[in-house]
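Student: Pasting a structure here, questions to come.
Protein chains: 2
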Amino acid sequence: MIDWDDIRYFLAVARGGSVRAAAEGLGVYHSTVLRRIAQLEERLGAQMFEKLPSGYRLTAAGEEVLELANQMEASSHQLETRVFGRDQSVRGLLRVTLAPTLATHLLMPDLADFACLHPDIEMEIVSSGELANLTNREADVAIRVVYDRKTLPLNLHGLKGPELFGGVYMSCDRLAAWRAGAPDPIRWIVISIHGIPDWASEGEVRTTGVPFRTTDGEAQIVAVRQGLGITTLPCFVGDADPLLVRVPGTDLHMYGTLWLLTQGETRKTKRVRLFTEFVSRRLSAYAPLLAGLPISRD
Amino acid sequence: MIDWDDIRYFLAVARGGSVRAAAEGLGVYHSTVLRRIAQLEERLGAQMFEKLPSGYRLTAAGEEVLELANQMEASSHQLETRVFGRDQSVRGLLRVTLAPTLATHLLMPDLADFACLHPDIEMEIVSSGELANLTNREADVAIRVVYDRKTLPLNLHGLKGPELFGGVYMSCDRLAAWRAGAPDPIRWIVISIHGIPDWASEGEVRTTGVPFRTTDGEAQIVAVRQGLGITTLPCFVGDADPLLVRVPGTDLHMYGTLWLLTQGETRKTKRVRLFTEFVSRRLSAYAPLLAGLPISRD
DNA sequence: CATCGGTGGTGCAAAATCGATCCGGCTGGA
DNA sequence: TCCAGCCGGATCGATTTTGCACCACCGATG
């Protein structure tokens, strides 16, 4: 196998016309160039240059090689400029993964703002049900609700956000009807895989024993809006929904803490830094809402 | 300026998935690869790989580099091919790739003859299990069994050879014993990855349901010689082996067609032309044997 | 004819690279 | 649970490559 770096020396000699001129351009001694060219010719089994007293001149074989050598140089230059360019340029793809509830009920306006602010950043929101794997580079940034800090992957870098509380909610109309003595049963609305959280009490209202199960968080919200019963929701969903109220006599409970997670490599890029700083600021502003503190509605 | 040769190391790691695998392929120690990659990353000012416990994985930057690195490799291969293609002297290297079975059981004497005839040609037989890549200049000439003409690479030049038939064989002794009524079971001997070809019947003999599996063609031949059972073999192997006979009642089946493949640039060289013409003649002479026609033995 | 600025080529010591190990961590199968 | 087989990383002589000085040669020039 030839040494690819010898091609660089070959190009320098072909252009400089002499070993010494090439050496000067390459910043090495001419003897080095001499040896590298000799090595290249030996490995290729052909003379690239005629060794004239006036300098090195390309042979016919050398002319043919020159063409491919130029190609290699072009690729090399392109490689360098691309790597160098990507580091500091804002332009490029940024993939963010977060829970669907966070996206639809809280952060989508902020993501939109960020996209407006940086039109060169191509954004991709990976908001499927499952956790995207940052290590596999399925996403560059993850916004996660972490229940136990110890469950954070060690290889990821975390930026802690505000804490997230949840409560028990029901429809305003249903609550009014219940107070008026409506006989219809009030049911627990739960997401199938979760069940009724142990911290959630029924407060003043009483539910029937048969829960109403949904598979999807969105369906759960629609169901509770319809007055089907009571359910647990993050405060930023329940409090922000004008059709819902907290069930009297129930308490808040901490869901977990929001974390902004990034991966070692990608963390250093400008795009990721811009995004994490932006979202971090917005999350701080949301802290009272997330904590379930009273919010003024207009 | 980056060392172009480091790109070769980069490619090896990107393909091998680990520093050690790359080192193996490059024929150097893994510490060398480690240093070259570190040097490349330092000079480019960007991480090309994520250093995971399970190996090296390309970063986003690395993915972009990979594309250009492949371009450089293509240029390099083309360069080597072109230089080789200009070489009209008989003296020099000639690399031939062919299936191990073809080499050991059929063509080795012919290759030896050719080497004797042209002592100036340094020959290298690349007869590993896997197909050598002519475009990568791993070999100059390939002798292949082609099952479907459409699978021939378009960029290669093909010279069609005789057709190749196979049959079902067993040991003479075992057949005699079976005729004498020996109770020992006769088994199918198959190469693990292939299984029993659908065209192969058991003829007059009956086999037990449990096949005997080998991973290697040579082991398969030894097994059938030992009288372990019956197996499918190319006729040039089975008919030429005095210890083996075709299983009565079985038919021949076409394996494929032999092709002499050469690459565009190298086809013009004297060495390659001499070799292809020589082998082509020898193969024609073998046509009856390859087709499974009766051959006189002496 | 001597000189000067250019060329390629060579020998030797310094410097950089590589080979060869050893080590600790991770993983998957026994 | 342990252990074999991977992996990357660190280290230290040995080897290769490079820097550097020096040489012979050629042609132009005064």
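Protein sequence lines correspond, in order, to chains E and H.
The opening residue of the first sequence carries number 34 in our numbering; numbering runs sequentially from there.
The opening residue of the second sequence carries number 34 in our numbering; numbering runs sequentially from there.
The beta-carbon is built from N, C-alpha and C at its ideal position, and this holds for glycine as well.
1) Span of the beta strand (DSSP E) holding Pro338 (chain E)?
2) Classify Leu293 (chain E): buried if its beta carbon has 16 or more other beta carbons within 10 angstroms, exposed otherwise.
3) What's the gap between the Cα of Leu185 (chain E) and the Cα of Ile158 (chain E)?
4) According to the neighbour-count rule (16 or more other Cβ atoms, all chains shown, within 10 Å of its Cβ), is Asp120 (chain H) buried or exposed?
5) Please report whether the beta-carbon of Leu91 (chain E) lies at a distance below 9 Å from any beta-carbon of chain H.
6) Straight-line CA distance for Lys303 (chain E) to Arg314 (chain E)?
7) Based on the DSSP secondary-structure assignment, which residues constitute the bridge partners of Gln296 (chain H)?
8) Comparing C-alpha positions only, which one of H:Leu316, H:Gln72 and H:Leu85 sits nearest to Leu189 (chain E)?
9) For Pro267 (chain E), write down the residues that DSSP places opposite it in a beta bridge.
10) If contacts are defined as beta-carbon pairs under 8 Å, then Arg68 (chain H) and Ile35 (chain H) qualify, I think. What distance do you get, rounded to the angstrom?
11) DSSP on Arg330 (chain E), reduced to helix/strand/coil?
12) Look up Lys84 (chain H) in the DSSP assignment and give the residues it is bridged to.
13) Out of curiosity, what's the CA-to-CA distance linking Leu316 (chain E) and Glu106 (chain H)?
14) By DSSP, does Ala79 (chain H) sit in helix, in strand, or in coil?
15) Can you give the Cα-Cα distance for Glu57 (chain H) and Val46 (chain H), rounded to whole angstroms?
16) Please tell me whether Arg115 (chain H) has its Cβ less than 9 Å away from any Cβ of chain E.
17) Under 9 Å between C-beta atoms, does Trp37 (chain H) make it to chain E?
18) Could you give the DSSP three-state label for Trp211 (chain E): helix, strand or coil?
19) Tell me the DSSP secondary structure of Gly50 (chain E) in three-state form.
20) Determine the chain E residues that contact Gly125 (chain H) at a beta-carbon separation under 9 Å, and present them in chain order.
21) Where does Met141 (chain H) sit, in a helix, a strand or coil, going by DSSP?
22) Am I right that Val174 (chain H) and Thr264 (chain H) are in contact with their C-beta atoms under 8 Å? What's the rounded C-beta distance?
23) Measuring straight from C-alpha to C-alpha, what distance separates Gly49 (chain H) and Leu99 (chain H)?
24) If you count every other CB in all the chains shown that lies within 10 Å of the CB of Trp221 (chain E), and 16 or more means buried, which is it?
25) Determine the contact status of Thr290 (chain E) and Glu171 (chain E), defining contact as a CB-CB distance below 9 Å.
26) Pick out the complete alpha helix (DSSP H) segments inside the region 229-293 of chain H, 4 residues or longer, and give them in chain order.
27) Does any CB atom of chain E fall closer than 9 Å to the CB of Arg330 (chain H)?
28) Helix, strand or coil: which one does DSSP assign to Val312 (chain H)?
29) On the three-state DSSP scale, how would you describe Leu167 (chain H)?
30) With burial defined as no fewer than 16 other Cβ atoms inside 10 Å of the residue's Cβ, what is the status of Gly60 (chain H): buried or exposed?
31) Please compile the residues from chain E whose C-beta is within a distance smaller than 7 Å of the C-beta of Gln104 (chain H).
32) Whose Cβ in chain H lies nearer than 7 Å to the Cβ of Ile40 (chain E)?
33) List the endpoints of the continuous beta strand (DSSP E) containing Ile222 (chain E).
34) Below 7 Å on C-beta distance, what does Gln111 (chain E) contact in chain H?
35) Shorter than 9 Å from the beta carbon of Glu97 (chain E) to some beta carbon of chain H?
36) Less than 8 Å between the CB atoms is what I'm expecting for Met7 (chain H) and Val255 (chain H), so what's the real figure, rounded?
Tutor: Working from what's here:
1) In the structure displayed, chain E extends from 34 to 331; residue 338 (chain E) sits before or after that span and is not available.
2) buried
3) 21 Å
4) Answer is buried; the Cβ neighbour count reaches 16.
5) No, its Cβ sits nowhere closer than 9 Å to a Cβ of chain H.
6) About 17 Å.
7) Per DSSP, H:Leu189.
8) H:Leu85
9) E:Gly199
10) The beta-carbon distance between Arg68 (chain H) and Ile35 (chain H), rounded to whole angstroms, is 14 Å. This is too long to meet the 8 Å contact definition.
11) Its pLDDT being 48, under 50, Arg330 (chain E) is placed unreliably in this model, and the value from its coordinates should be taken loosely. Coil.
12) H:Tyr89
13) Straight-line Cα distance between these residues: approximately 48 Å.
14) coil
15) Spanning the two alpha carbons is a distance of roughly 10 Å.
16) Cβ-Cβ to chain E under 9 Å: yes for Arg115 (chain H).
17) Cβ-Cβ to chain E under 9 Å: yes for Trp37 (chain H).
18) helix
19) coil
20) Gly78
21) helix
22) Between Thr264 (chain H) and Val174 (chain H) the Cβ distance is about 30 Å, and since that is not below 8 Å, they are no contact.
23) If I take the Cα positions, the gap works out to 13 Å.
24) buried
25) no
26) Entirely contained in the region 229-293 of chain H, the alpha helix (DSSP H) runs reaching 4 residues are, in chain order, 250-258 and 268-271.
27) Bear in mind that the predicted position of Arg330 (chain H) carries a pLDDT of just 49, short of 50, making it unreliable; the figure below should be weighed with that in mind. Judged by the 9 Å Cβ criterion, Arg330 (chain H) is not in contact with chain E.
28) helix
29) coil
30) exposed
31) Ser108
32) Neighbours of Ile40 (chain E) on chain H, chain order: Trp37.
33) Arg220 to Ile224
34) Leu101
35) yes
36) Lying outside 34 to 331, the shown extent of chain H, residue 7 (chain H) is not represented and no answer is given.
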